[in-house]
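Right, one structure below, let's go through it.
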Amino acid sequence: MPLKDNDPRKWEYKEHTRVKHIILKKYLKAWINILGKNRKVCYFDCFAGRGKYSDGTEGSPLIALKAAADLINNRSHLKEVELTFIEKDKNNYGNLLNVLEEELKNHPDMYLGVKLNKPINDEFINAVPLLLKDYKKLPPSFFFIDPFGFNGIPIKVLQDILLIPKTEVFINFMIRDVNRFLNSPNHLHSIEGLYGLDDLNGTIISKYPYLDKESALLELYQQQLHEHTGVNYTFPFKVSEDEKKQTTYYLIHATNHPLGCEIMKEIMYKAGTRGRFGYLGPEEGQILLSSYDLKELKEYLIYKFSNQSVLFEEVMNKTVDKTPFIKKEYKEALIELENEGKILIWGKGAK
Numbered sequence: 001m002p003l004k005d006n007d008p009r010k011w012e013y014k015e016h017t018r019v020k021h022i023i024l025k026k027y028l029k030a031w032i033n034i035l036g037k038n039r040k041v042c043y044f045d046c047f048a049g050r051g052k053y054s055d056g057t058e059g060s061p062l063i064a065l066k067a068a069a070d071l072i073n074n075r076s077h078l079k080e081v082e083l084t085f086i087e088k089d090k091n092n093y094g095n096l097l098n099v100l101e102e103e104l105k106n107h108p109d110m111y112l113g114v115k116l117n118k119p120i121n122d123e124f125i126n127a128v129p130l131l132l133k134d135y136k137k138l139p140p141s142f143f144f145i146d147p148f149g150f151n152g153i154p155i156k157v158l159q160d161i162l163l164i165p166k167t168e169v170f171i172n173f174m175i176r177d178v179n180r181f182l183n184s185p186n187h188l189h190s191i192e193g194l195y196g197l198d199d200l201n202g203t204i205i206s207k208y209p210y211l212d213k214e215s216a217l218l219e220l221y222q223q224q225l226h227e228h229t230g231v232n233y234t235f236p237f238k239v240s241e242d243e244k245k246q247t248t249y250y251l252i253h254a255t256n257h258p259l260g261c262e263i264m265k266e267i268m269y270k271a272g273t274r275g276r277f278g279y280l281g282p283e284e285g286q287i288l289l290s291s292y293d294l295k296e297l298k299e300y301l302i303y304k305f306s307n308q309s310v311l312f313e314e315v316m317n318k319t320v321d322k323t324p325f326i327k328k329e330y331k332e333a334l335i336e337l338e339n340e341g342k343i344l345i346w347g348k349g350a351k
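One point on numbering: in the UniProt record's numbering, the residue at position 273 of the sequence shown is 273, and numbering is uninterrupted.
Here it is as C-alpha cells:
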C-alpha cells in the first residue's frame, strides 16, 4: 500500500534529494539573476510539502525563499520576487506554515523584497489554473513540480503554464511508478492524463520499437511536452535511489530560451555522477551513466551543419537539448574538427 504524503518515511532526507535541491537552488539563482532586469519574477512550488525534513534539513520552500532573498539583497534593480507554495496534504501544509512563519519572524529584515503569498492548501490541478487566471499578465515565472507520484499532473495544466511567455517548469517525472503501473486499470486515467494520450502502450510500440521501455516512456513524454505546450527545449536528469540501480525519476527542465537550457545542462553536469547527466546513488559512483565520446559529437555536428556557415551561438541554440555534451565540449569538438581539416573557424571565442 502506498505511503501517505505525510508519512515520516517520506520525509527522511536522502542523498538523491540533496542532489535535486542543489540543482534547484543553483538554477533558481541563475534564473532570477538573468531575469532580474524585469524587476519582478515569480516562483511557484507546486508540491511544496513540509518546510523541513525529519532531520531538520530545509525543504524546497526554504531553499527558494532564501535564494530569492539573497538575490534581492544583492541586485538593486530587482525589486520583488513573488513566491507561491502549494501543498494538498493538511499535515504537511500545517508544518509548512509553521516553518515559514518561524523563518520570517526570526529574520524579518532579510525578506523585505520577497512577497510571500499565503500557501495554498489544494491540489496542483485545482490551484494552478485559478492562479493563472488571477494574473492579468504573469511576470517571468518558474514552476517547480515535484510530486511523490504521477497523479494529478496532467499535461493540459503544463500546457496552460508553458503557453505563457517567459515561463519555465522543472518537473519530477516519476518514471519508475509510470512503468510499474502502466498496465493497471486503476492508474490508466492518471497516466493517460500525464501524457495526453489514450493508447500509451500502443503508441510506444509503434513509435519506439527500438527502445527499452524506460527510454521510450521518457522520449515520448518529452515529445508530448513539445507538441502540447510548444516548449522549445527539454532536458532530462536521471536519478536513481540510494544504493539502487533502478531509475526512480527524471528531473526534466522545460524552457523556451536556449540560454536557460544551456545553464541547466551545466548545473546538471556538475551535480551528476562523475559529471554526467544523472545521479546513481553513493554505491554506484564508480559506474558511468553512459560513455560519451567526443567523436559522437563531432559526427553529429558534421551531419547537422554540413555545407553551412553558422555562428557558434546558432550551433548551441539548435542542438543544446539534443546532445549530452556541454559548451566546453562543443568547443573542444569544433577545434578538433578544424585541426582535422573538416571545418573552418572564422574568429575565435564564441564564434
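All C-beta atoms, glycine included, are put in the ideal place defined by N, C-alpha and C.
C42: member of the beta strand (DSSP E) spanning K40 to D45, first to last residue.
The segment 132-145 makes contact with the segment 154-167; the number of CB pairs closer than 8 Å reaches 3 or more.
The three-state reading of DSSP puts T17 in helix, counting H, G and I together. Between I153 and F181, the gap from beta carbon to beta carbon reaches 8 Å or more. Going by DSSP, V178 is part of the alpha helix (DSSP H) stretching over I175 to R180.
Per DSSP, reduced to three states, the secondary structure at P324 is coil, with no helix or strand assignment. Annotation: the continuous beta strand (DSSP E) that includes A254 extends over T247 to T255. Distance from the CA atom of N38 to the CA atom of K29, rounded to whole angstroms, is 15 Å. Under DSSP, the beta-bridge partners assigned to I145 are I171. Straight through space, the alpha carbons of K25 and E329 are spaced by roughly 25 Å. A residue is called buried once 16 or more other Cβ atoms fall within 10 Å of its Cβ, and E340, having fewer, is exposed. Contact annotation: the segment 79-92 touches the segment 112-128, with at least three C-beta pairs closer than 8 Å. In the DSSP annotation of this structure, the continuous segment of the beta strand (DSSP E) that includes V239 starts and ends at Y233 to S240.
Restricting attention to beta strand (DSSP E) runs no shorter than 3 residues, the segment 62-109 encloses them at 80-85, ordered along the chain. Linking S60 to E338 through their CA atoms gives a straight-line distance of about 45 Å.
Counting only residues of its own chain and dropping the five nearest sequence neighbours on each side, N73 has a CB closer than 8 Å to the CB of M110 and G113.
Look at V114 here: in three-state DSSP terms it is strand.
The Cβ atoms of R50 and N121 lie no closer than 8 Å to each other. No Cβ-Cβ contact shorter than 8 Å links L138 with I175.
Here the alpha carbons of N6 and T234 stand approximately 31 Å from one another.
Beyond the five residues adjoining it in sequence on each side, D55 comes within less than 7 Å, by CB distance, of Y13 in the same chain, given in chain order. In the DSSP annotation of this structure, the continuous segment of the alpha helix (DSSP H) that includes K156 starts and ends at I155 to L162.
Between D212 and G193, the alpha-carbon positions lie close to 22 Å from each other.
In this structure, DSSP gives E12 a state outside helix and strand, which the three-state scheme calls coil. At the C-beta level, V315 and F325 stay beyond 8 Å of one another.
If you look at Q223, you'll find it in the alpha helix (DSSP H) that goes K213 to T229. In the three-state scheme derived from DSSP, where H, G and I count as helix and E and B as strand, G278 is classed as strand.
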